[in-house]
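Heads up: the protein sequence lines correspond to chains R, H, A and L, in order.
Numbering-wise, my numbering puts 190 at position 179 of the first sequence, and it's gapless, one number per residue.
Numbering-wise, my numbering puts 55 at position 44 of the second sequence, and it's gapless, one number per residue.
Numbering-wise, my numbering puts 290 at position 279 of the third sequence, and it's gapless, one number per residue.
Numbering-wise, my numbering puts 68 at position 57 of the fourth sequence, and it's gapless, one number per residue.
There are 4 protein chains.
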Amino acid sequence: MKLAVVGGGSTYTPELIDGFARLRDTLPIEELVLVDPAADRLELVGGLARRIFAKQGHPGTITTTADLEAGVAGADAVLLQLRVGGQAARNQDETWPLECGCVGQETTGAGGLAKALRTVPVVLDIAERVRRVAPQAWIIDFTNPVGIVTRALLQAGHKAVGLCNVAIGFQRKFAALLDVAPEQVHLDHVGLNHLTWERAVRLGGPRGEDVLPKLIAEHGAAIAADLHMPREIVDRLGVVPSYYLRYYYAHDEVVRELSTSESRASQVAAMEKQLLEMYGDPALDEKPELLAKRGGAFYSEAAVALASSLLRNTGDVQVVNTYNNGTLPFLADDAVIEVPAVVDGTGTTPLPVPPLDPLYAGLIANVTAYEDLALEAALRGGRDRVFKALLSHPLIGQYEYAEALTDKLVAHNREHLAWA
Amino acid sequence: MKLAVVGGGSTYTPELIDGFARLRDTLPIEELVLVDPAADRLELVGGLARRIFAKQGHPGTITTTADLEAGVAGADAVLLQLRVGGQAARNQDETWPLECGCVGQETTGAGGLAKALRTVPVVLDIAERVRRVAPQAWIIDFTNPVGIVTRALLQAGHKAVGLCNVAIGFQRKFAALLDVAPEQVHLDHVGLNHLTWERAVRLGGPRGEDVLPKLIAEHGAAIAADLHMPREIVDRLGVVPSYYLRYYYAHDEVVRELSTSESRASQVAAMEKQLLEMYGDPALDEKPELLAKRGGAFYSEAAVALASSLLRNTGDVQVVNTYNNGTLPFLADDAVIEVPAVVDGTGTTPLPVPPLDPLYAGLIANVTAYEDLALEAALRGGRDRVFKALLSHPLIGQYEYAEALTDKLVAHNREHLAWA
Amino acid sequence: MKLAVVGGGSTYTPELIDGFARLRDTLPIEELVLVDPAADRLELVGGLARRIFAKQGHPGTITTTADLEAGVAGADAVLLQLRVGGQAARNQDETWPLECGCVGQETTGAGGLAKALRTVPVVLDIAERVRRVAPQAWIIDFTNPVGIVTRALLQAGHKAVGLCNVAIGFQRKFAALLDVAPEQVHLDHVGLNHLTWERAVRLGGPRGEDVLPKLIAEHGAAIAADLHMPREIVDRLGVVPSYYLRYYYAHDEVVRELSTSESRASQVAAMEKQLLEMYGDPALDEKPELLAKRGGAFYSEAAVALASSLLRNTGDVQVVNTYNNGTLPFLADDAVIEVPAVVDGTGTTPLPVPPLDPLYAGLIANVTAYEDLALEAALRGGRDRVFKALLSHPLIGQYEYAEALTDKLVAHNREHLAWA
Amino acid sequence: MKLAVVGGGSTYTPELIDGFARLRDTLPIEELVLVDPAADRLELVGGLARRIFAKQGHPGTITTTADLEAGVAGADAVLLQLRVGGQAARNQDETWPLECGCVGQETTGAGGLAKALRTVPVVLDIAERVRRVAPQAWIIDFTNPVGIVTRALLQAGHKAVGLCNVAIGFQRKFAALLDVAPEQVHLDHVGLNHLTWERAVRLGGPRGEDVLPKLIAEHGAAIAADLHMPREIVDRLGVVPSYYLRYYYAHDEVVRELSTSESRASQVAAMEKQLLEMYGDPALDEKPELLAKRGGAFYSEAAVALASSLLRNTGDVQVVNTYNNGTLPFLADDAVIEVPAVVDGTGTTPLPVPPLDPLYAGLIANVTAYEDLALEAALRGGRDRVFKALLSHPLIGQYEYAEALTDKLVAHNREHLAWA
């Protein structure tokens, strides 16, 4: 079994490696290739990766390369975790929308659109090259915005699944609060990537008892605090929104916070510098504690589980990003949604979803429309398509802002946009 | 042929009467009853109505009554044009949302919800009484918010059609710009009441040449000025949004305007006072010019046309509010939409609608979800339902505002809400 | 010794009575008259007042009357604590400015101006009548805005002193934190009413050791929490601003809070209803605990101390509102400032004040200019003078808002403004 | 007579040269030195300067140098027109404050403070070197913020006068509207640099008839349009505020404009590029028309007049920035104000100023306090001093913004701040 990680030089990679090492029974990797054009980073990360495998007695080999096609040739699965433009571009995404009083964030709003525009062409080019040298490989996409990127891959006919750590994070969190094993916790998780709600938390199986009302009654304050939302919203809705719904439910408050604090990108950039220094220490043979602060908790567990089910044909249920195909009847079949799905060697098949409250369905429909237009802009380019995507976004929606944000998006991303 | 107008004491009524008089060949009314609990107003308005009929030689009788059931008994059509709480309630709708930085308006946003909550129970009670004494009558609803009120009527099994003057206004406007007869102009008008776009303007028939691009090129500035929107938005979208889309596309600008100017309700209240004084003059036998400023242009033409088609089974095409029934595939069948429909003695049947750009479909889906929740709140009451409807509205969407607006809505409308 | 309290029917009066009873050695009142036009309230409050005196064995008499001149005739001191328009007017002051994104509060900003306009003519009329029947009486003004009202009284030649509980509140708070007797604490308190800073806290006397740095270091968090300000601001400035500086230093945050919560006036109105019910209970013979929540802590102590010094010629130092007379060299002599002053039978003489940091002097100068214009508007009336006062206020300062707020102020206060 | 222009490589210089050539009878320059470290620009600008002199038959010599001391040695007057950090720094000044909803501008608010912090140390260093090699020279400062820079120069004991083109611009504008010669127009111009009002426009002399009411009545619309302010503000105040008062009277509107449009710096940078290309054309021997769009109209006239009066001891009246010395009684003597002054060989002596309306005095006092703190921060550095200056600014005034803007100011200007 061969895996390749595109963007393998990320400071995040040791987290993934640690997961591969711990979970080698679930996913017995024989050959792991880290692919990255940034040779310096790749060397530091690759060295630590090998020391982690060695320390934990993992028998697989780890190699590094800047040559994409050489790296992925013959792979069974290819993980995408790249960031076009790096933390500098992310810092831009988080800053210029604030000038219009709009949220600056790298996966939603105007910043998320900028990231989609930079990312989709690069990912499609990579996927095309993967298809040439590893036609049987599954592409597992972590790269944000996962919904739009996954849809671009699926529309181009690739064997792709989109993956996010929001659902597994809730599963682990709730399991801890309930003091049960994570696999006992089955979520009624529904929506689009970064626009999801946990509507039920069932114990033992997908039809087990729903303990969410009890969880909210007993741990509502802790759950809400984790989401940086007021407790009342969880009590009142009776469901648990994802952290990213803060950008909707508390938009203006978040804008005020962001306007008067250091950007997340800038914090992460400082952390990455520090991590790379640590990775260079030949005595280090485990992931450092600091890495936990970088975000991405449980990504490695989710990736191992997904790859294992795809490659070993397990037929178990996991939360993934995949084609709607009638699951949410108010969306087109080729919309990409994030729901529990049966995963096996043929791919992902969403479980049926109970009807949605209009409170959630309306927002999902609106954001899906934005994603349609965002993907169109990413694939075909042009200032007008960017404008339309921005105007359609529920966090923007106004002509004056859509105009100004279009100008700012283009001005800050010109080097990454072929048409600009 | 007998017609009844519920809310007949409105200062607007002479406009309607003038239309009935001018268009008596289209709609040969024999008996017209103005129903209103406000005896003083009704007397003034009824007197002028009779003088208008007399002057124009209309042979029909006009009577007035405060007794609803007596007034509508045996009617062929009942027009609803009431306003629960009057201009004072409207003034509230236009004011308190501004305290949260949200638009204050009587048909959309938090103010529109307040009006829906006040109006739906009253209209349903009237319709029930109409059904008892005039079971065959068509109910034509002008009462805002027309979409939600019409849906309430249809869900309760009434023979109802919702009517708005936006489409006929555009038809007349475009006809004037094109220098053709109004009936030559066929609109591709689509959306929900007060959330519509003109996507095509066809000459001669529903498949005639689309002259909208030409209209925009030649008269874009005038069209945009009428809508109080920047010309660029019409140029860029290539469609003509309804005036009410200002509350979306220019939300913050409108809030700033409203925050620093006299409310529309207060202007209308002053105008109504002046109008009622005029109506009392026994020498007045036509609608005064001032009435044109009160709004509602072409309502009488639209009402006459609709009633005529329903009662005389014409089978022509008019823009109405009616059940979706698959017309817009992304909405439920029982959503109420505003589109061109064939109107005959059996009711209204929407024409097929070409697929919508996601830019419009996303917003329509979101506002339909709000209307679902608004109707639920209007029918069943309760602070929580009000909160959910507000949170779902794309012009609100934030927890903090939904909470505060719920409090304000209830505080300002307590006397009109049975459950509060 | 005879005292009269104008506005004696206030629910707050029992607090004052309790102070008179406890501190009868300092201020041996023989005759106390509660004057108020609201006969119902006055009876309830007067009854409780007498029961409090009786329980505590105070030998003085308490009478009530709606007749101002009869009540104040021959008094040695007259306390003014009235509220023109009551809590309803206050509720307006706290609400309509929010529609422009401006703070709504009854002593500062546009709401404070409204209160000044309503109050100054009434107070001047009362003072004129006091002068006729009790020419020797001192007028002690608690009525807000104290700075502007006191200046109006002084300019009209009355024997007046303005009093606020901010300084005594800090004295008691700091004494508690330092575990010393309140009279040991001497404040370097400087500014205008509701625009003051504590620059030093001296122990033992006006030249004693300044323990403010120590207080901030040890209790900064508690002090800031009391002020509803972030701790950093106290640490960084090294002085303690009054609570009312929140409206400046945290203006937008306060506006957001006020926009989404019940007005203070509405809370107080509910509390007053409850208090009046309690006062009617003939078994009640002490101030109820609920009264502490109504605000105004230590007002009775401050009033007793001030009246005692004026009437008994003590020559001690108290914080009062009085003519500047060169104390702050950058203000005119007839500006009214709030500083420690020697108080004796001849009136109040400010102590010298060490030079002010421009950070405070600039704001004091600006707000004094506003108070000039506000007083002009209160005395002479007219929309233009209101506009100018609003435009000059540092919390407004913009043409668009000053215009809109002028309209709103006039519309909401017409019945109280002779010229409107 | 020798003049030196520090910052002589500015694209603006040809405007100055053109003025020197046209007005050589007023100011007979024999030797003109353009000093600038940017050799490339200097060569282009110097070449055009010489061609302008030649074409107009001016007998003086023009030399260029990067060596400050060589250039200014023996000069009679030194003009300062430099910009530390260039248009790039200005672009920053105009951008980051918007993220906090505060105006971004290079002479006022947080951007103006940034410019002061960058500029004061550089100007003081230049002035010190001027004093060594040309101790008798007058320093004429155009460099913004002129008020703060002039105060820094005067406090350090330099022979300095601050100059701005606002007053001369109004003089020329009003003269044109009145159809009289500019020298017939005497302004009652008062305030601080970029914070001034024209209170009277007198014809013939400083005691001539005040025609301002007539000007406003007849040309109010044109005057207001020039200032980008609503006409009502000029009508209502009865005075003409400087253009820069937009940042106060229409702050939020300006922020919205700036947030959704290209920065002025970016426009100027594009224009400068184009101008430099033109200047390189050896056939060009006059200032190009495009230069008029760059701003700074009538600066050369004002500079010639001021230098002439200082060097030729004329004793006429001009509007300058100079020490207050009791002119405005509510400011300290060493505040720098902008008023008409007698200018002769001994320097500038302000004319007496009629008392100010509190509407203007309050704002002047507050901004002067800010300028005190800004100069303190510029001279002594430190994050805390920056914070205090920002908190004291009437356009900021809030803790949260002052904190965030301090961080942003430091982050964007680190390379120009010795202490950061």
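Ideal Cβ positions, reconstructed from N, Cα and C, are used throughout, including at glycine.
Listed in chain order, the positions of the segment 264-280 of chain A with a beta carbon within less than 8 Å of a beta carbon of chain L are Glu264. With the rule of 3 Cβ pairs closer than 8 Å, the segment 330-340 of chain A counts as touching the segment 169-179 of chain A. Per DSSP, Thr22/R lies in no beta strand (DSSP E) segment and is marked neither H nor E.
For Gln285/A, the number of other beta carbons within 10 angstroms of its own is below 16, and it is reported as exposed. In the pairwise beta carbon analysis, the segment 290-308 of chain H is classified as not touching the segment 69-77 of chain H: fewer than three pairs are separated by under 8 Å. A distance of 7 Å or more separates the beta carbons of Lys170/H and Ala86/H. Leu416/R is the residue among Glu273/R, Ile407/R, Ser277/R, Leu416/R whose C-alpha sits nearest the C-alpha of Trp107/R. Classified as exposed, Asn324/L has fewer than 16 neighbouring CB atoms from the shown chains inside 10 Å of its CB. Per DSSP, the unbroken alpha helix (DSSP H) holding His423/H starts and ends at 410-424. Just so you know, the alpha carbons of Leu124/H and Thr118/H end up roughly 7 Å apart. Thr130/R carries a helical assignment under DSSP once its states are collapsed to helix, strand and coil.
In this structure, Lys298/A keeps its C-beta atom at 7 Å or more from the C-beta atom of Asp51/A. If the five residues before and after Ala276/L are omitted, its C-beta is found closer than 7 Å to the C-beta atoms of Gln98, Arg101, Asn102, Glu105, all from its own chain and listed in chain order. In the DSSP assignment, Trp149/L forms a beta bridge with Ala88/L. Under a 10 Å Cβ-count criterion, Asp383/H is classified as buried, with 16 or more other Cβ atoms of the shown protein chains found around its own Cβ. Pro365/H and Val265/R have their C-alpha atoms roughly 39 Å apart.
The shortest CA-to-CA distance from Glu110/R to any of Glu414/R, Lys184/R, Ser270/R is the one to Ser270/R. Residue-level contact check: Lys66/H does not touch chain R, since none of the beta carbons of chain R fall below 7 Å from its beta carbon.
With a contact defined as Cβ atoms closer than 8 Å, Gln409/A and Tyr260/L qualify at about 6 Å.
About 11 Å separates the beta carbons of Gln92/A and Thr22/A, which is beyond the 8 Å limit, so they are not a contact pair. DSSP lists Asp199/A as the bridge partner or partners of Ala211/A. At a beta-carbon threshold of 8 Å, none of the residues of chain A lie near Leu402/H; the nearest stands roughly 14 Å away.
When rounded, the separation of the alpha-carbon atoms in Gln278/L and Leu301/L is 12 Å.
The beta-carbon of Tyr334/H is placed no less than 7 Å from the nearest beta-carbon of chain R. Proximity of Gln409/R to chain H, defined by a Cβ-Cβ separation below 7 Å, is satisfied. A Cβ-Cβ separation of about 16 Å leaves Ile375/L out of contact with Gly120/L under the 8 Å criterion. Per DSSP, the continuous alpha helix (DSSP H) segment holding Val397/A begins and ends at 394-403. As a beta-bridge residue in DSSP terms, Ala352/R pairs with Gln329/R, Pro361/R.
Rounded to the nearest angstrom, the gap between the Cα atoms of Leu198/A and His239/R is 41 Å. Only those residues of the segment 102-114 of chain L whose C-beta falls short of 8 Å from the nearest C-beta of chain R are listed: Thr106, Leu109, Glu110, Cys111, Gly112.
Contacts between Asp383/A and chain L, judged by CB atoms closer than 7 Å, involve Pro369 in chain order. Within the same chain, Cβ atoms closer than 8 Å to the Cβ of Val397/H are found at Leu124, Leu128, Ala388, Thr417, Leu420, Val421, the five residues on either side in sequence being excluded. Rounded to the nearest angstrom, the Cβ distance from Pro132/H to Ala429/H is 7 Å, consistent with a contact under 8 Å. In this structure, the CA atom of Leu79/A is about 14 Å from the CA atom of Ile150/A. Residues of chain L whose Cβ lies closer than 7 Å to the Cβ of Lys399/A are, in chain order, Leu370. Look at the beta carbons and you see the segment 222-237 of chain A not touching the segment 399-406 of chain A: under three pairs across the two are nearer than 8 Å.
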